[in-house]
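One structure is given below, encoded as structure tokens.
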Amino acid sequence: MNRTFATSLALAALIGTSAFAETFEVQMLNKGSDGERMVFEPAFIQAAPGDTVKFVAADRGHNAEVNKGMLPEGAEAFSGKINEEFEVTLDAEGVYGVICKPHYAMGMVMTIAVGDVDAPADFFEGRVPPKAKQRFEAQLGQL
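Note that the sequence shown covers residues 1337 to 1479 in this note's numbering.
Shown next as structure tokens:
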């Protein structure tokens, strides 16, 4: 019996936290449930390291990619193709700014916070279209 318990413990250790990781589904939409146009829904996610985000092309013409300069140090950038569903597992703690490249100027952005983090001071370095900045600021207010 001790051998079985030890084997189970070893197996649990090998599986690690990935067994408890969560998958968030994000819809890429022309119109959100609140009537806003060109949105990710949800627009803000509070995740834990190892969680996965699945981007679903619910409406055509959208993609999801991390905006240059809006990702935690040491994190890998990601970019999905237009009209394609894809998943990304986020291991690095920090704040990720995600955009739909074709609709960035229209404010199609979302924020993913991984871990217990604050808004980075340099999040808005570089050019950010006014509508995108407004939505990012609202999302960062949820931290």
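Think of the CB as a built atom: it goes at the ideal place given N, C-alpha and C, for glycine as much as any other residue.
Per-residue DSSP class, three states only, for residue i
i	result
Met1406	coil
Lys1467	helix
Met1444	coil
Lys1437	helix
Phe1356	helix
Gln1474	At residue 1474 the sequence reads Ala, which differs from the Gln that was named. Note: Ala1474 maps to helix in three-state DSSP.
Ala1449	strand
Inter-residue spacing [alpha-carbon to alpha-carbon] between residue i and residue j
i	j	result
Ala1383	Val1434	14 Å
Asp1458	Met1444	20 Å
Gly1386	Glu1361	15 Å
Leu1365	Phe1460	24 Å
Glu1372	Met1406	23 Å
Val1392	Glu1429	23 Å
Ala1357	Gln1478	22 Å
Asp1454	Val1431	8 Å
Leu1345	Thr1425	Low local confidence applies: a pLDDT of 44 at Leu1345 is under 50, so the model's placement there is unreliable, with the coordinate-based value given in what follows. The straight-line gap from Cα to Cα measures roughly 25 Å.
Lys1467	Val1402	17 Å
Pro1456	Glu1473	12 Å
Gly1368	Arg1471	14 Å
Phe1422	Asp1370	25 Å
Start and end residues, beta strand (DSSP E) containing residue i
i	result
Ala1457	No beta strand (DSSP E) holds Ala1457; DSSP gives it neither H nor E.
Lys1390	1387-1392
Ile1381	1380-1383
Phe1422	1422-1426
Residue environment, residue i, which counts as buried when at least 16 other CB atoms sit within 10 Å
i	result
Arg1463	exposed
Glu1412	exposed
Gln1475	buried
Glu1409	exposed
Glu1420	exposed
Thr1447	buried
Any non-hydrogen atom of the ligand ZN closer than 7 Å to residue i Cβ
i	result
Glu1420	This structure simply doesn't include the ligand ZN, nor any ligand for that matter.
Legend entry - Cβ pair count under 8 Å reaching 3, the segment 1436-1447 against the segment 1397-1404: Between the segment 1436-1447 and the segment 1397-1404 there are three or more inter-stretch CB-CB distances shorter than 8 Å, so the stretches are counted as touching.
Inset, instruction - Count the C-beta pairs between the segment 1408-1424 and the segment 1369-1383 that are closer than 8 Å, then say yes if the count reaches three, no if not. - result: no
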